[in-house]
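Trainee: First, the structure itself, so that you have it in front of you.
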Amino acid sequence: MSNKEPIALTPHQALQLMEDDPRSVLVDIRSSMEFLFVGHPKGAVHVPWIDEPDWVVNPDFVTDIRKLLLGGAVCTIDDGCAPVILICRSGKRSLEAGKTLLNNDFTRVFHVDEGFEGDLDDQHHRSSFNGWRFRGLPWEQC
13 MSNKEPIALT PHQALQLMED DPRSVLVDIR SSMEFLFVGH PKGAVHVPWI
63 DEPDWVVNPD FVTDIRKLLL GGAVCTIDDG CAPVILICRS GKRSLEAGKT
113 LLNNDFTRVF HVDEGFEGDL DDQHHRSSFN GWRFRGLPWE QC
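In structure tokens:
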């Protein structure tokens, strides 16, 4: 295994990358319940890293991401491959998922280090001092 890690981005940097490179793909890797009921960044595609009912790593994760990128068809000689930006709740799962993608020959992998909800505060609440939602970036829920 390699020591490669995805490039950490703040929520604002991730949004800026998406605006600067329209080929970029924001992938919300949280569980289906989190994606639907807690909310998700607008425009995010859902590919769970770990999901119910078994709460194990998705064995098809890398393949699912390749499908999103059309098997590499969104790569060009001049611009390289489309950036893959991963987001989870607080940046932990996206870091692990990003390492897996890099170890499977993906080249432009980023992760939102604050995640969607951010870290816990002293009262054990999220979205109170960091994260995509706390920063006021576009999001929606079902």
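Positions 13 to 154 (the working numbering) are the ones given, in order, by the sequence shown.
All residues carry an ideal CB built from backbone N, CA and C; glycine is no exception.
(1) Might you give, ordered along the chain, the residues of its own chain that have their beta carbon closer than 6 Å to the beta carbon of residue 18, omitting 5 neighbours on each side?
(2) Would you identify the three-state DSSP class for residue 132, choosing helix, strand or coil?
(3) Tell me which same chain residues have a C-beta within less than 8 Å of the C-beta of residue 145, skipping the five on either side of it?
(4) Note down, in chain order, each residue of its chain lying with its Cβ closer than 8 Å to the Cβ of residue 153, except the 5 sequence neighbours on either side.
(5) Give the secondary structure of residue 126 by DSSP, where H, G and I count as helix, E and B as strand, and everything else as coil.
(6) For the 8 Å Cβ check, are there 3 or more pairs between the stretch 60–75 and the stretch 21–29?
(7) Please check the pair residue 94 and residue 35, which I expect to be a contact at CB under 8 Å, by giving their CB distance rounded to whole angstroms.
(8) Can you check the stretch 25–100 for any alpha helix (DSSP H) of at least 4 residues that lies completely inside it and give the ranges in chain order?
(9) Do residue 96 and residue 37 have their C-beta atoms closer together than 8 Å?
(10) Assuming residue 39 and residue 98 make a contact with CB atoms under 8 Å, what is their CB distance in whole Å?
(11) Looking at the unbroken alpha helix (DSSP H) that takes in residue 149, where does it start and where does it end?
Mentor: In brief:
(1) 110, 121, 122 and 123
(2) coil
(3) 51, 128, 129, 130, 139 and 151
(4) 48, 49, 50, 51 and 52
(5) coil
(6) no
(7) 4 Å
(8) 73–80
(9) yes
(10) 5 Å
(11) Unbroken run through residue 149: none, as it is neither H nor E.
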